[in-house]
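This report concerns only the one structure given below.
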Amino acid sequence: MADGQYTSKEAEKPMTDKKPFTTIDEYISTFPANIQDILEKVRQAIHKAAPEAAETISYGIPTFNLNGKHLVFFAGWKHHISMYPIPAGDEAFQQKISHYKRAKGSIQFPLDNPIPYDLVEKIVTLLMMEKPEKES
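Quick look at the structure:
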C-alpha cells in the first residue's frame with residue numbers, strides 16, 4: 295500500500311521471526327556451528343584490539359562500545375560477515391581492504407574465504423584512533 299500503510303495482516307506479521315537478542319552469545323547461537331566459530335573469532339579479534347570495549351546488542355547486532363560510544367558492529371549473513379563502520383585509515387589500509395565488498399559503511403568478508411582476523415583487529419584499532427574520546 296502507499297504511504298507506508300499496511301493491511302492489518304501485514305501489521306501483525308513481525309519483520310523477522312527472530313526474537314530480539316540481549317547478548318552477543320544469544321546472537322551467535324542462532325547460526326550454524328561453523329558460522330558460530332567464525333563469529334566467535336571475530337568477537338575475540340575485536341576484544342584483542344579493544345580489551346576495554348563493552349559488549350552489547352544495538353540495532354539487533356553485536357556491538358562494542360568504548361567511552362560511552364558505539365565503536366564497532368559486526369553481523370553474520372548467509373554468505374559473509376560484515377563489520378561497521380569502516381575507518382578511513384591510510385593508503386596502505388585502503389589498499390588492504392580494496393578487494394573486499396563494501397556497502398553502506400560496512401565491509402564484507404565472504405564466508406567462502408578465510409576471514410582476515412588480523413584485518414578485523416586493524417579495523418578496530420583504526421576506529422579507536424579515529425574516534426575521539428567522549429567529551430566531558
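So the mapping is simple: the numbering used here equals the position in the sequence shown, first residue as 1, plus 294. Virtual Cβ for every residue (Gly too), placed ideally from N, Cα, C. None of these values were measured; they are calculated from a predicted model.
Subject >> the region 381–396 contacting the region 330–350, beta-carbon criterion three pairs below 8 angstroms >> reply: Judged by Cβ distances under 8 angstroms, the region 381–396 makes no contact with the region 330–350, as fewer than three pairs qualify.
**OP:** Would you mind working out which of S323, S376 and P408 sits nearest A397, comparing C-alpha positions?
**Re:** Translated into the one-based positions of the sequence shown, residue 397 becomes position 103. Comparing Cα positions, the closest option is S376.
Original post:
Whole alpha helix (DSSP H) runs in the region 312–359 with 4 or more residues, listed along the chain?
Top reply: 318–323 and 327–343
Original post:
What is the DSSP secondary structure of Y411, reduced to helix, strand or coil?
Top reply: Here residue 411 refers to the residue found at position 117 of the sequence shown. Of the three classes helix, strand and coil, the one that applies to Y411 here is helix, per DSSP.
Subject >> Cβ separation of G399 and P381, assumed to be a contact under 8 angstroms, to the nearest whole Å >> reply: For the purposes of this step, residue 399 is identified with residue 105 of the sequence shown, where counting begins at 1. For the purposes of this step, residue 381 is identified with residue 87 of the sequence shown, where counting begins at 1. Not really, about 10 angstroms apart at Cβ, beyond 8 angstroms.
Subject >> Three-state secondary structure assigned by DSSP to K416 >> reply: As a first step, residue 416 must be located in the sequence shown, where it is residue number 122. In this structure, K416 counts as helix in the three-state DSSP scheme.
**OP:** Would you tell me roughly how many angstroms separate the C-alpha atoms of S323 and D331, rounded to the nearest one?
**Re:** Locating residue 323 in the sequence shown gives position 29, where the first residue counts as 1. Locating residue 331 in the sequence shown gives position 37, where the first residue counts as 1. Looking at the two C-alpha atoms, the distance is approximately 10 angstroms.
Subject >> Backbone secondary structure at L421 - three-state DSSP >> reply: Looking up residue 421 in the sequence shown gives position 127. Correct three-state label for L421: helix.
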